[in-house]
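Sequential numbering of the sequence shown, starting at 0, is according to numbering that gives the first Met the number 0.
Here's the structure, in structure tokens; my notes come after.
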Amino acid sequence: MRADRVPQFQMLESCYAILNERYKKPQACFSALLQWIAHKLRISGTHDYPTPTLTLDMEARLNSTFDIAVLKQEPWDWLGELAVKLNLFDYVPHRSTLDEVMDYVQHNIPRSISRTTVVFDPSAGTGRLFFGIMRAGIECIMAGVEPSPKAYRILVVNKHIYNMPAFVVRAELKEPFASPIWKEANLYNPLFNFGN
């Protein structure tokens with residue numbers, strides 16, 4: 000599936016184009032889009048960024064273009080896909096495709112796991128593993144940590160848009176890859192069972 004051909008992506012791209020009239024730099028414009036969506040949906044956890052300053056005309060066009068129901072029709076990291084298209088890779092540290100995520104879930108997370116099993120992602124990125132688990136219909140406890148504030152913002156917005164049953168926190172790591180045990184810490188079994 001090509002992301003740029005699906006209605007969810009096209010809608011977000013249209014919203015980005017409206018905001019781009021005021022915010023010319025891709026990073027500033029994408030940040031404004033994230034914050035506008037967070038403000039519109041009353042999402043907390045991204046309040047450390049200001050709500051974008053818009054004209055009434057821009058606000059009206061955004062409101063007529065953005066439709067949460069369109070995003071919910073096909074749950075995926077569409078905001079992350081837009082960031083990748085804009086070459087804003089610091090927003091999407093893990094750029095796995097939907098097919099790659101589904102393949103990983105199919106081979107590593109059994110469909111028969113207990114609802115009390117915790118799937119923990121120590122570097123959750125924008126939540127792509129969680130999307131794969133949800134799309135596979137696996138019911139479990141999902142938890143994740145993300146050190147990048149930019150990826151974490153997308154993760155929080157995705158979590159709220161799609162009612163993602165995941166517990167997520169942002170880690171306060173200044174240099175997440177500087178630790179000599181970082182590689183070993185990420186060679187993990189994502190399943191932790193806390194009872195039946």
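All C-beta atoms, glycine included, are put in the ideal place defined by N, C-alpha and C.
Distance, Met10 Cα to Asp66 Cα
8 Å
Whole angstroms is fine: what's the gap from Asn19's alpha carbon to Pro25's?
8 Å
List the endpoints of the continuous beta strand (DSSP E) containing Met141.
Ile140 to Glu145
Can you give the Cα-Cα distance for Thr52 and Lys23, rounded to whole angstroms?
13 Å
CA-CA distance, Met141 and Ile160?
16 Å
Applying the 10 Å Cβ sphere with the 16-neighbour rule, what's the burial state of Glu145?
buried
Taking the runs of the alpha helix (DSSP H) that are 4 residues or longer, which of them lie wholly in the region 29-116?
55-64, 67-72, 77-84 and 97-107
Comparing C-alpha positions only, which one of Met133, Pro164, Gly124 and Ile137 sits nearest to Glu73?
Met133
Spatial neighbours of Ala150 within its chain, please: C-beta separation below 7 Å, excluding the five flanking residues on both sides.
Tyr90, Val91, Pro92, Gly124 and Thr125
Measuring only the C-alpha atoms, how far is Pro49 from Asn157?
19 Å
Quick check on the DSSP output: the beta strand (DSSP E) that includes Ala165 runs from which residue to which?
Ala165 to Arg169
Nearest neighbour of Glu138, chosen from Pro148, Val104 and Pro121 [CA to CA]:
Val104
Glu20 by DSSP, collapsed to three states: which one?
coil
Could you check what DSSP says for Asn196 in three-state terms: helix, strand or coil?
This structure cannot settle anything about residue 196, because the visible part of the chain is limited to 0 through 195.
Within 8 Å, strictly: CB atoms of Leu32 and Cys14:
yes
Starting from Gly131, trace the alpha helix (DSSP H) in both directions and tell me its first and last residue.
Arg127 to Arg134
Ala27 - DSSP class collapsed to helix/strand/coil
helix
Option nearest Ser122 by Cα separation, candidates Phe8, Thr115 and Ser147
Ser147
Per DSSP, what kind of secondary structure is Ala150 in: helix, strand or coil?
helix
If we call anything under 8 Å between Cβ atoms a contact, is Trp77 one with Gln7?
yes
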